[in-house]
Amino acid sequence: MGSKWCNYFRDHLYQEFLNATCKETFAFADNNQRDNLTAIAFLSGLYPSCKDLVPITKQTQLLFEQGEDPTANCPVCSKAGAKNEELAWLQWYTEGWHPHQPVPGSMLVFELHSASIADAEITDEGQFYVKLYFVAASPGQIRDGDQLSPENPPDRVQVIIPSCSEEVDIGNGLKDVRCPFTTFKTLIGKTLKHVCVADTLRPFVDSLSHIKEPSIKTARTTTTELAHAADTSKTNNSKQHAVEFFETLLWALFGVLMLCFITLVIRHAVKRRMERQKYGSIPMKMNNH
């Protein structure tokens with residue numbers, strides 16, 4: 009079945025993209041900066057039935073972008089392919105399917121949320137966080153051609169983003185899994201294959217994987233302060249060690265002197281005793297009157 013579909017698409021669709029290089033594949037999007045003009049062109053050119061669908065960006069509150077990264081000629085993910093469905097090492101488990109399987113009609117849904125600003129400790133950068141879900145219809149729903157609805161929804165499971173997602177206490181004994189938006193941007197900046205990003209957007213993507221200059225200055229200042237504190241601590245420790253060494257030396261010298269004194273006393277006593285044994289006692293002269 010898969011080979012028949014591949015042959016059909018090869019014969020009828022996207023012939024200009026066959027054996028295309030990375031630059032050629034995304035040339036159209038590069039020229040239009042992947043904005044609403046790109047969407048209009050694709051909708052009106054590739055799908056004639058959608059000619060009347062024109063995106064309006066001024067009042068846009070929801071952005072929906074869909075793609076099939078593992079099948080791209082130049083995958084924008086650092087690791088992607090027919091045998092590798094993982095994006096940033098993502099894994100999921102859905103009803104009726106193999107683990108981590110990108111099933112037909114499924115999608116990864118990235119949601120950007122805003123935390124409550126009532127908490128004074130939350131900064132502007134820390135206010136936003138990302139939640140990721142994998143949505144897929146069950147094999148039974150696909151087989152029976154079920155119409156998905158709130159009453160008959162597809163399977164929707166939350167996905168952990170490695171090196172980003174963390175468990176957060178949201179009160180009342182409840183926990184939530186969130187990925188800080190700043191961490192998410194840095195992670196995506198390292199994961200994306202930058203060569204396959206439009207030239208006009210590449211500077212932005214490059215900036216995602218680099219630390220901002222203020223942070224670097226702060227880090228340098230902190231490092232300098234830590235180094236100064238370490239030097240001061242080292243100097244104090246050296247002085248303390250010198251004092252301790254001098255005290256120890258004095259006690260050792262005092263001990264040596266005491267030992268020498270005791271040795272001399274013992275030697276003198278022994279010598280005098282030996283002389284007495286050798287010569288005996290000296291008789292005292294008596295005066296006879």
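Just add 8 to the spot in the sequence shown (first one is 1) and you have this note's numbering.
Glycine included, each C-beta is placed from N, C-alpha and C at the ideal position.
Thinking C-alpha only, which one of the options is nearest residue i?
i    : options                   : result
E119 : Y101, Q109 and Q166       : Q166
E103 : H249, Q155, A145 and E255 : A145
T5   : S171, W259 and G153       : Coverage of the chain is limited to positions 9 through 297, which leaves residue 5 absent and any answer about it impossible.
I196 : L182, G181, D207 and F212 : F212
S173 : H276, V117, R280 and V138 : V138
K198 : V278, M115, L216 and V205 : L216
Which residues in the same chain as residue i place their Cβ atom closer than 6 Å to its Cβ, once the five residues preceding and following it in sequence are excluded?
i    : result
P107 : Y101
H98  : For clarity, residue 98 is Leu in the given sequence; the question names His instead. Answer for L98: V167, listed in chain order.
R164 : Y141 and V143
I178 : D184
A105 : For the sequence presented, residue 105 should be read as Trp rather than Ala. Around W105: V111.
L156 : P162
I169 : L140 and C187
L21  : Confidence in L21 is poor, its pLDDT being 48 and thus under 50, which makes the residue's placement too unreliable to answer from.
Quick one: residues in its chain with C-beta nearer than 7 Å to the C-beta of residue i, no 5 flanking neighbours on either side, listed in chain order?
i    : result
L257 : none
R210 : H202
E32  : Because the pLDDT at E32 is just 45, under 50, the model does not fix this residue reliably, and the point stays unresolved.
S122 : Q135 and F136
D154 : N160
Is the CB of residue i under 9 Å away from at least one CB in chain C?
i    : result
R281 : The structure shown contains no chain C; it holds only a single protein chain.
Only counting the same chain, and skipping five residues up and downstream in sequence, which positions put a Cβ closer than 8 Å to that of residue i?
i    : result
L272 : none
D152 : none
Scan the region 98-147 and note each continuous alpha helix (DSSP H) run of 4 residues or more that stays entirely inside, going in chain order.
none
Whole beta strand (DSSP E) runs in the region 160-187 with 3 or more residues, listed along the chain?
163-167 and 174-179
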